[in-house]
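Have a look at the structure below, then the notes.
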Amino acid sequence: MRAKALSACLFLLLLSGCLPKNKDWTHPQVANPRKEDQLFQEDSAFCEGKAGPELQGQERQKALDACLARLGWQRKE
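Add 943 to a position in the sequence shown, counting from 1, and you land on the number used in this note's numbering.
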């Protein structure tokens, strides 16, 4: 019994690493979660490129947030 419980816990721990990471943003015009995740990756990369390497810290985060908002993304509440 103890071995089964330990195996189940180990399985759940391994499985948790396979789950997608939650993002703090949502796009109201994209209903499909997979498409939304793909679009978020693309838009995040675009915004990273626009921000450039010269911005750091809080200023960089503000620029990324503003860029994502211009692309239609909204922060989750």
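Built from N, CA and C at the ideal position, the CB exists for glycine as well. Given the structure is predicted, the values throughout are model-derived calculations rather than measurements.
Between which two residues does the alpha helix (DSSP H) carrying residue i extend?
| i | result |
| --- | --- |
| Asp967 | Asp967 -> no alpha helix (DSSP H), and no H or E assigned at all. |
| Pro976 | 976-994 |
| Leu998 | Unbroken run through Leu998: none, as it is neither H nor E. |
Using a threshold of 7 Å, state whether the C-beta atoms of residue i and residue j are closer than that.
| i | j | result |
| --- | --- | --- |
| Leu998 | Ala1006 | yes |
| Asp986 | Leu1014 | yes |
Quick one: what's residue i bridged to in DSSP?
| i | result |
| --- | --- |
| Arg1018 | Trp968 |
Kindly list the residues whose CB is nearer than 8 Å to the CB of residue i, restricted to its own chain and excluding five residues on each side of it in sequence; keep chain order.
| i | result |
| --- | --- |
| Asp967 | Arg1018, Lys1019 |
| Ala994 | Arg1003, Ala1006, Leu1007, Cys1010 |
| Trp1016 | Trp968, Thr969, His970, Phe983, Asp986 |
| Gln972 | Gly1015 |
| Pro996 | none |
Sorted by chain position, which residues of the same chain lie with C-beta nearer than 6 Å to residue i's C-beta, five sequence neighbours on each side aside?
| i | result |
| --- | --- |
| Lys978 | none |
| Met944 | none |
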